[in-house]
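The letter at position 290 of the sequence shown is residue 346 when you use the numbering used here, and the numbering goes up by one with no holes.
Even glycine gets a Cβ: it sits at the ideal position worked out from N, Cα and C.
The structure appears below as structure tokens.
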Amino acid sequence: MKGHTYIDAQEHPIEAVTLYSKRAEVRRVITLELKAGRNDFAITNLPSSIVSDTFHISGLSAGQASVVDTTCVVPPSKTALFGAKIARQQQVSDKKYQTRVELEMKKNQLLREQSLIHAKNDVLLSYAKTLTGENTQHGDFIEFLAQFNEAAQESLSATSQIEAAVENIELRIKKLNLAENDDESSDEEIDLSPKQKTKAGVVISAKEDCSVKLILTYVVSGASWTPAYELHATTDNTTKTVANAVTLHYRASIIQKTGEDWDNVNLTLSTAELSTNMAVPTLTRSFIRDTSYRPAMKTGLFGDPNNFNVSGIFRLSLVPTEPPNQQQVRQQQMQQQQRIAPSSFTAIAASTQPSSTGGLFGSSSSTSTAAFGSTGFGSAAPTAALASESTPQSPVLVEATPEYQPLDHAGAEAKDQILATTYRVDTPVRVQSDDTPHRVTIMTVQLAAKTEYCKVKNTSSHQFPPGPIVTYLDGSYIESSRIWLILPKGEITRSLGTDPGIRVSFKRTTEIKKAPPANTFARQTTTIVTDTLTIKNTRSSVIPRVLVRHAIPTPGNDERFRVTLKEPDGLAQLETGSSFKLRERVNAKWTDDASSGTESSGLLEWSIDQLAAEGNEEIKMVYEVTAPEGVKWNQA
């Protein structure tokens with residue numbers, strides 16, 4: 057880097073570290089002397105475990121200096137280095153093999169020439185044995201001896217040269233074999249140490265000569281922390297029984313092998329998940345399907361409904377900003393949805409005769425009760441839009457207004473950052489890069505429960521081309537992802553992490569009615585499905601608004617089925633976009649779906665305003681599914 061000022065990062069100590077469950081965010085301060093104009097700096101000896109797109113520069117005053125360009129070059133991983141070494145060794149081995157083959161061919165050629173010389177000598181010797189004094193003149197014999205001697209000398213010289221050449225070839229082959237058995241000593245060694253360093257480049261433009269404190273922030277892998285607890289109880293000396301008060305110690309076990317030691321740093325522990333690929337889930341439509349065209353469901357037909365915490369089941373969502381036809385966004389959404397195991401609901405009747413057609417939420421049939429049942433939910437999650445295992449769907453989506461609301465903590469070290477809880481250690485700590493657990497005491501704990509999203513509207517007159525986007529909150533790295541083309545007035549929706557606050561219990565019950573025997577040819581079975589949602593605010597303050605999105609199934613293009621929404625009364629006749637008031641502060645509206653066309657999508661959005669602290673609201677939806685008797689169906 058000609059013309060650059062080199063800076064050794066290890067000469068500038070780490071100021072603070074925020075440690076997440078699997079990664080860490082490191083912040084170090086570097087003091088720089090800037091000249092007016094362009095300043096080029098090359099920062100060396102950064103750890104090789106850096107996540108390159110998280111390298112961030114801050115700390116400059118807007119009127120003083122500005123960052124023009126930054127680069128971050130991370131050395132290849134151990135796997136890549138080892139692969140390169142293997143590839144180079146293979147190339148060397150191939151070259152040696154080719155050389156050995158060529159030497160063997162040359163040796164064989166020399167040996168064939170030697171055999172030819174020996175054969176020539178044998179012929180000459182055999183001819184000499186046939187000469188006698190009776191058939192050979194004296195002069196001819198003398199001349200033959202001279203020629204024989206000359207030929208013998210030539211043969212001897214050629215044989216000596218061939219033997220020397222063969223010996224030289226055999227020596228070279230032997231050296232090749234020895235070198236092949238000791239490749240590691242003959243090859244250039246490759247350092248596979250985790251302390252291989254990253255290099256970063258920073259270009260700063262200054263308006264005048266000045267001194268600045270540059271804040272380097274980056275995320276590194278190879279660091280993690282896990283909670284550990286100790287419960288201490290004591291015995292009362294007077295009563296000889298266990299005392300009423302006990303002490304709970306909450307500690308963190310820290311392991312880091314990032315390639316650099318954290319010496320005397322301010323350490324903050326966070327319960328947030330530091331992800332580089334988050335996606336906003338969407339609620340999709342639910343359809344009534346004939347199970348004869350699908351694999352058998354593994355979920356039980358009847359079972360007790362369960363209550364679930366929103367952290368494991370229900371996802372918060374804003375309206376997605378990217379169009380639904382963008383394939384990569386949909387793939388990211390499906391990946392997040394697949395973390396939630398789908399449940400299934402199946403109703404069974406006894407007749408094969410198809411039912412009459414009807415609208416999405418048409419009139420119901422008059423039938424008598426024949427059996428009772430409820431949905432069988434696995435331990436993973438109940439879902440409003442029930443799906444088969446091959447096509448996972450989004451569950452009920454819950455959204456809270458993303459406003460800052462303080463949490464109560466047992467100690468002063470815990471800090472609510474809307475996303476999760478962070479714990480700031482009172483004193484500077486030292487954590488070496490030695491892959492050894494280090495225990496740090498924590499005084500309080502707060503767990504994450506719900507997901508929030510940040511929606512940004514493009515109010516400029518410019519469009520934003522597709523590209524990577526890195527999200528920061530309060531100067532801390534949140535996630536890395538990509539955005540698609542954002543036109544003026546378009547929106548960008550990004551995940552900001554997780555936050556506790558809402559508990560949602562989902563309960564589904566079913567009642568199967570079968571038509572009594574009659575002199576009618578067509579008989580049908582009607583299943584009454586009741587979905588009950590209970591939303592509770594576990595926080596100590598009011599939540600301005602909570603959105604609950606639910607999917608009522610539709611028959612789609614299958615005219616054998618009919619879905620009739622019975623409760624709440626009047627909701628079925630509501631036009632899309634209009635508001636339905638269930639009671640004070642609880643309203644609903646139907647939402648559009650691009651794939652539904654003129655028919656209703658069945659997507660319903662409930663809004664709960666001013667949900668009081670420790671308050672709860674219950675929403676009940678009852679609908680009937682009419683199908684030919686004997687046809688097995690489920691919601692998908």
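Nearest to Val275 by C-alpha distance, out of Ser149, Val526, Arg228, Lys152, is Val526. It is roughly 29 Å from the alpha-carbon of Tyr528 to the alpha-carbon of Asp665. Rounded to whole angstroms, Val619 and Glu535 show a C-alpha spacing of 42 Å. Residue burial is scored here from C-beta neighbours: Tyr76 has at least 16 other C-beta atoms within 10 angstroms and is therefore classed as buried.
For the pair Asp96 and Val268, the CB atoms are not nearer than the 8 Å cut-off.
Ranked by Cα distance from Ala669, the first of Gln66, Ser597, Phe617 is Ser597. In terms of Cβ geometry, Lys688 and Thr254 do not form a close pair [threshold 8 Å]. Within 10 angstroms of the beta-carbon of Asp125 lie fewer than 16 other beta-carbons, which makes it exposed. By the Cβ criterion, the segment 513-524 is not in contact with the segment 91-108, since fewer than three pairs of Cβ atoms, one from each stretch, lie closer than 8 Å. With respect to the C-alpha of Val321, the residue from Lys637, Leu589, Gly658, Arg83 having the closest C-alpha is Arg83.
A buried status is given to Met677, since no fewer than 16 other beta-carbon atoms sit within 10 Å of its beta-carbon. For the set Leu270, Glu158, Pro611, Thr566, the Cα lying nearest the Cα of Val85 is the one of Leu270. For a cut-off of 8 Å, the C-beta gap from Leu660 to His606 is around 5 Å, short enough to register as a contact. Judged by DSSP in its simplified three-state form, Ile311 adopts strand. At the C-beta level, Ile608 and Gly658 come within 8 Å of one another. For Glu673, the secondary structure class from DSSP, reduced to helix, strand or coil, is strand. Distance from the CA of His68 to the CA of Leu88, rounded to the nearest whole angstrom, comes to 11 Å. Going by C-alpha positions, Gln519 is about 25 Å away from Thr127. With a cutoff of 8 Å on beta-carbon distance, Asn643 and Ser635 are scored as near each other. Taking C-beta separations shorter than 6 Å and ignoring five residues to either side along the sequence, the partners of Val107 in its chain run Val275, following chain order. Taken in chain order, the complete beta strand (DSSP E) segments of 3 residues or longer contained in the segment 599-687 are 599-607, 618-623, 636-639, 642-646, 659-667, 672-684.
For Ser213, the three-state secondary structure derived from DSSP is helix. A direct Cα-Cα distance of roughly 30 Å separates Leu272 from Ile542.
With a minimum length of 3 residues, the unbroken runs of beta strand (DSSP E) contained wholly in the segment 105-162 fall at 112-114, 121-129.
Pairing Thr594 with Thr565 gives a Cβ-Cβ distance that is not under 8 Å. Linking Glu226 to Leu187 through their CA atoms gives a straight-line distance of about 41 Å.
As the crow flies, the alpha-carbon of Ala683 is around 19 Å from that of Arg341. DSSP places Asn101 within a strand segment (E or B) once states are collapsed to three. Shown here for Glu623: same chain residues with a beta carbon closer than 7 Å to its own, the five before and five after excluded, namely Lys676, Met677, Val678 in chain order.
Rounded to whole angstroms, Glu615 and Leu627 show a C-alpha spacing of 23 Å. Following the DSSP letters along the chain, one finds Gln580 inside the beta strand (DSSP E) bounded by residues 580-593.
For Asn95, the secondary structure class from DSSP, reduced to helix, strand or coil, is strand. Nearest to Ile344 by alpha-carbon distance, out of Pro611, Arg156, Gln629, Lys152, is Pro611. Straight-line spacing of the CA atoms in Ala202 and Asn164 works out to 32 Å.
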